[in-house]
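For the record, the sequence lines run as chains A and B.
Everything in the first sequence is counted per the working numbering, starting at 362 for the first residue and increasing by one.
Everything in the second sequence is counted per the working numbering, starting at 70 for the first residue and increasing by one.
Quick reminder that beta carbons are idealized off the backbone N, C-alpha and C, glycines included.
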Amino acid sequence: MSELLRCEDLTKRYGNLVALDHVNFTLESGKLIGLLGPNGSGKTTLIKLINGLLTPDEGRILIDGMEPGVGTKKIVAYLPDNHFLNNYMKVRDIVAYFCDFYEDFRPELALQMMSHLGISENVALKTLSKGNKEKVSLILTMSRNARLYVLDEPIAGVDPATRDYIISTIINNYNPEASVLISTHLISDIESVLDDALFIQSGHITLHKSVDAIRSENGKSVDELFREVFRW
Amino acid sequence: MQWMIDKERPICPQINEQIAARIALGEFLPGERLSSVRDVAVAAGVNPNTVQKAFESLEAEGLIYSVRGSGWFVADAADKAQKKLQDLAEAKTLKLFQSLKTLGYTPQQVLVLAAAVAQAGNTKEEA
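If you want it as structure tokens, here you go:
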């Protein structure tokens with residue numbers, strides 16, 4: 362397992378608000394990591410910095426030794442927390458569009474997962490429900506053969522059965538060279554598949570541990586620990 | 070196969086124990102090939118790294134062995150698995166006695182209680 366992501370003194374401010382305050386951590390390859398924190402703790406800011414959508418005010422991020430840019434976009438698959446696809450396009454066209462964008466995109470895999478979830482490739486995106494749109498976005502992201510998958514709230518809008526399918530998709534897609542960083546509030550749904558948990562609170566990383574260590578040291582699930590740590 | 074995962078305990082030993090139990094009970098026979106790490110991970114809804122660690126710990130205990138390129142197989146060690154299961158059951162029983170002791174139950178009372186609960190369970194199943 363090698364180092365895939367490193368944050369050094371990473372700081373981001375929005376005016377007077379410090380969203381991330383000198384954050385330091387590293388992620389290894391071959392892991393599923395949960396980025397867990399309450400609303401407004403800095404999860405999405407961190408994710409946007411990883412993807413080069415924001416630039417740090419201080420410190421830096423290295424992904425496989427590179428600062429975010431063209432080189433890292435080739436190896437990072439990113440699922441944003443808002444809808445990012447063109448509504449007028451048909452599913453088939455979006456798959457072709459992703460093929461043009463990413464060298465590592467696997468169209469057969471994408472179409473196979475869509476048909477498995479009952480999404481026809483001939484329908485326009487605008488006719489799909491919110492949950493089905495989220496499924497399409499997630500399938501497109503997971504169909505890349507990336508080194509780092511960054512999923513911002515991937516399972517919030519879908520039903521529990523689909524959630525299970527998505528989680529099994531993530532496990533099935535697992536490869537020892539790649540890591541998956543998942544930000545979510547739905548901890549109990551995903552905690553059994555995680556290797557590590559990263560707790561973030563008001564711009565600070567407060568805990569970075571393997572979930573099995575959390576269970577054996579605290580005798581409780583990650584979900585319960587979260588509720589305890591972040592109690593109002 | 071069915072997996073029972075308790076989220077309040079580390080998952081790795083749970084996978085280890087459940088496979089060991091099936092070997093001890095003869096549900097998995099010597100030489101039989103186990104499901105792949107990935108298949109177990111999907112079926113149990115857990116992380117593949119965790120399953121890998123569980124398999125490696127079972128290998129260290131001599132209950133299964135790996136063949137490069139073809140997967141994991143059950144070793145001829147049912148006696149070892151039975152011993153392990155026995156130890157586990159004893160540890161769990163001890164815990165039960167201890168936790169009921171905090172509620173003021175003597176060991177004798179626990180035995181009476183256990184018999185009554187088992188009886189009630191049986192009649193329920195028969196009904």
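Residue environment analysis places A/S549 among the exposed positions, since fewer than 16 neighbouring C-beta atoms fall within 10 angstroms of its C-beta. The Cβ atoms of B/R107 and A/N533 sit closer than 8 Å to each other. Residue-level contact check: B/G140 does not touch chain A, since none of the beta carbons of chain A fall below 8 Å from its beta carbon. Listed along the chain, the chain A residues whose CB falls inside 9 Å of the CB of B/R107 are I532, N533, Y535.
With a threshold of 8 Å between beta carbons, B/V111 makes contact with chain A. Of all residues in the region 70-92 of chain B, only I74, K76, E77, R78, P79, I80, C81 place a beta-carbon less than 7 Å from a beta-carbon of chain A. Annotation: A/A457 to A/K494 spans about 17 Å, alpha carbon to alpha carbon. Between A/R588 and A/F462, the alpha-carbon positions lie close to 41 Å from each other.
Rounded to the nearest angstrom, the gap between the Cα atoms of A/G426 and A/A507 is 15 Å. The beta carbon of B/V109 sits closer than 6 Å to the beta carbons of V120 from its chain, once the five residues preceding and following it are set aside; these are given in chain order.
Burial of A/P515 is indicated by the presence of at least 16 other C-beta atoms within 10 angstroms of its C-beta. A contact between stretches requires three or more CB pairs, one per stretch, nearer than 8 Å, and the region 407-420 of chain A meets this requirement with the region 371-378 of chain A. Taking B/A146 as reference, the option from B/R137, B/Q83, B/E96 with the minimal CA-CA separation is B/E96.
Note that the C-beta distance between A/D520 and A/G492 is below 8 Å. When the five nearest sequence neighbours on each side are left out, the beta carbons in the same chain lying within less than 8 Å of the beta carbon of A/I566 are those of V384, N385, F386, L559, F560, in order along the chain.
When only Cα atoms are considered, B/L154 and B/P79 end up about 18 Å apart.
Counted as a single uninterrupted DSSP element, the alpha helix (DSSP H) harbouring A/Y526 occupies residues 521-533.
Ranked by Cα distance from A/P468, the first of A/I500, A/K570, A/L440, A/T488 is A/I500.
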